[in-house]
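J.: This is the structure I want to talk about, given as structure tokens.
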Amino acid sequence: MTSIRRGLIGLILLPLTVDALEIQMHLLRHLEIETAEMRRMKASPMFWLHIPKCGTSFLDTLVHMPGNCPGWPENLSVNDEMFGKCFEDASRSMCPVWCDQARLHCNRNPNETHQFLNEETYQIYKGKFVALFRQPEQRLLSAWYDDANIFRADPFVSACAENRTPESLMSMEEFQGHFGNWETKQLVGKQFTATQADVPMALERLREGFAFVGLQEEWSLSICLFHAKFGGPCRSLEFLDTRPDNRRTNATSTYDTAILNGWVD
Numbered sequence: 002m003t004s005i006r007r008g009l010i011g012l013i014l015l016p017l018t019v020d021a022l023e024i025q026m027h028l029l030r031h032l033e034i035e036t037a038e039m040r041r042m043k044a045s046p047m048f049w050l051h052i053p054k055c056g057t058s059f060l061d062t063l064v065h066m067p068g069n070c071p072g073w074p075e076n077l078s079v080n081d082e083m084f085g086k087c088f089e090d091a092s093r094s095m096c097p098v099w100c101d102q103a104r105l106h107c108n109r110n111p112n113e114t115h116q117f118l119n120e121e122t123y124q125i126y127k128g129k130f131v132a133l134f135r136q137p138e139q140r141l142l143s144a145w146y147d148d149a150n151i152f153r154a155d156p157f158v159s160a161c162a163e164n165r166t167p168e169s170l171m172s173m174e175e176f177q178g179h180f181g182n183w184e185t186k187q188l189v190g191k192q193f194t195a196t197q198a199d200v201p202m203a204l205e206r207l208r209e210g211f212a213f214v215g216l217q218e219e220w221s222l223s224i225c226l227f228h229a230k231f232g233g234p235c236r237s238l239e240f241l242d243t244r245p246d247n248r249r250t251n252a253t254s255t256y257d258t259a260i261l262n263g264w265v266d
């Protein structure tokens with residue numbers, strides 16, 4: 002997973018080598034030729050690959066892009082106050098009703114919030130994926146400390162279940178086995194296992210299949226970069242945390258990784 006993260010950061014912040022400068026100049030010339038609307042239409046319908054614990058709030062940016070969802074109420078944010086405890090599923094179910102599916106991908110089961118990119122789906126939407134990623138150990142710990150314990154529940158408990166009290170909770174070792182390497186799994190379409198051998202494909206899909214990648218740790222920068230590339234105004238609700246975590250002091254602080262006992266994703 003470390004290799005994936007290095008590749009991802011390299012896509013966003015290229016080192017200032019001679020080759021990188023040439024690439025950056027090429028990108029600048031490209032940006033001068035293409036308008037934000039042209040780049041946006043090339044990436045339509047945008048397909049949001051939602052990685053768990055990497056920012057459900059990003060959906061606010063997508064649905065409030067001008068023209069994406071004409072029926073979406075102007076100041077409506079995706080949160081539990083408006084949509085209930087399973088607000089992501091509930092809001093996704095409104096996508097076909099409120100949104101233009103030529104601009105934003107809605108054709109999915111609203112209960113499948115974290116999709117794994119099989120070859121067919123990848124080829125259909127290649128060049129149209131958008132996603133935010135996160136430092137792997139921090140992402141795992143965010144799921145571990147989830148207030149509702151739905152990620153640790155064994156057996157699985159849906160966020161929309163009437164009774165969300167789990168029968169039992171996974172140990173940390175079990176959790177690492179189940180929830181580790183998750184970003185790679187989604188990128189290559191392997192729900193249960195991913196190995197170092199899958200990293201080249203994951204990196205290739207990041208480079209060639211994604212119209213936009215951002216970092217959860219650089220939320221404001223990522224949102225502003227999204228708008229710089231595709232247009233549309235930044236709105237204050239895009240910078241709200243719809244799932245705040247009281248285990249951290251603020252949105253930029255990190256979890257103590259000592260509980261992982263040296264385990265690295």
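Note that the working numbering numbers the sequence shown so that position 77 is 78, with each residue one more than the last. The beta carbon of each residue, even a glycine, is placed where N, CA and C say it ideally should be.
Tell me, please, whether the region 64-77 touches the region 153-167 by the rule of three or more beta-carbon pairs shorter than 8 Å.
T.: Verdict: no, contact absent.
J.: On a Cα-Cα basis, can you pick out the residue from Val-64, Arg-153 and Gly-178 that is closest to Ser-169?
T.: Per the Cα distances, Arg-153.
J.: What residues are listed by DSSP as bridge partners for Trp-90?
T.: The sequence shown places Asp at residue 90, not Trp. Note: Asp-90 sits in no beta bridge, so no partner.
J.: Compare the Cα-Cα distances from Ser-172 to each of Glu-184, Thr-166, Asn-182 and Asp-155 and report the closest residue.
T.: Checked all of Glu-184, Thr-166, Asn-182 and Asp-155; the closest Cα to Ser-172 is Asp-155.
J.: Taking contact to mean at least 3 C-beta pairs separated by less than 8 Å, is the region 140-149 in contact with the region 171-190?
T.: Touching, yes.
J.: Just the Cα atoms here: how many angstroms apart are Pro-71 and Gly-178?
T.: Computed Cα separation, rounded: 42 Å.
J.: Taking the C-alpha atoms as reference points, what is the distance between Arg-104 and Leu-241?
T.: Approximately 24 Å, taken between the alpha carbons.
J.: Just verifying my parser: in three-state terms, what is the DSSP assignment at Leu-204?
T.: Leu-204: helix per DSSP, three-state reduction.
J.: Helix, strand or coil, according to DSSP, for Leu-222 in the structure here?
T.: Residue state, collapsed to three classes: helix.
J.: Three-state secondary structure (DSSP) at Glu-183?
T.: Contrary to the premise, residue 183 reads as Trp rather than Glu in this sequence. In the structure shown, Trp-183 sits in a helix (DSSP, three-state: H, G or I).
J.: I'd like the span of the beta strand (DSSP E) that includes Leu-133, first residue to last.
T.: Run containing Leu-133: 130-134, per the beta strand (DSSP E) assignment.
J.: What is the DSSP secondary structure of Val-214, reduced to helix, strand or coil?
T.: Strand, per DSSP.
J.: Between which two residues does the alpha helix (DSSP H) harbouring Leu-99 extend?
T.: The question names Leu, yet the displayed sequence has Trp at residue 99. It spans 96-99 - the alpha helix (DSSP H) in which Trp-99 sits, taken as one unbroken run.
J.: Apart from the five residues just before and just after Gln-187, which ones in its own chain have a Cβ nearer than 8 Å to its Cβ?
T.: Cβ neighbours of Gln-187 beyond the five flanking positions: Leu-50, Ile-52, His-115, Gln-116, Phe-117 and Leu-118.
J.: Going straight from the alpha carbon of Phe-130 to that of Lys-230, what length do you get?
T.: Distance between the alpha carbons of Phe-130 and Lys-230 is about 14 Å.
J.: Tell me the DSSP bridge mates of Trp-49?
T.: Answer is Val-131.
J.: Count the other CB atoms, across all protein chains shown, that sit within 10 Å of the CB of Arg-93; report buried if there are 16 or more and exposed otherwise.
T.: Answer is buried; the Cβ neighbour count reaches 16.
J.: Alpha carbon to alpha carbon, how far is Gly-215 from Ala-132? Give it in angstroms, no decimals.
T.: Those two C-alpha atoms are separated by around 6 Å.
J.: Compare the beta carbon distance of Tyr-256 and Gln-139 with 8 Å and say whether it is the shorter of the two.
T.: Yes; because the gap between Cβ atoms is below 8 Å, this pair is in contact.
J.: Specify, as a first and last residue, the run of the alpha helix (DSSP H) that Gln-102 falls within.
T.: Gln-102 -> no alpha helix (DSSP H), and no H or E assigned at all.
J.: Leaving out five residues on either side along the sequence, give the residues of the same chain with a beta carbon under 7 Å from the beta carbon of Cys-55.
T.: Excluding sequence neighbours, Cys-55 sits near Leu-133, Phe-134, Arg-135, Arg-140 and Gln-217.
J.: Determine the direct distance from the alpha carbon of Asp-101 to that of Lys-43, and round the result to whole angstroms.
T.: Answer to the nearest angstrom: the Cα atoms are 15 Å apart.
J.: Run through DSSP, which three-state label would Leu-77 get?
T.: Three-state result, Leu-77: coil.
J.: Counting along the chain, where does the alpha helix (DSSP H) carrying Gln-139 start and finish?
T.: Taken as a continuous stretch (DSSP letters only), the alpha helix (DSSP H) holding Gln-139 covers 137-145.
J.: Assign Ile-34 to one of two classes, buried (16 or more other C-beta atoms within 10 Å of its C-beta) or exposed (fewer than that).
T.: It counts as exposed.
J.: Can you tell me whether Leu-118 is helix, strand or coil according to DSSP?
T.: Coil.
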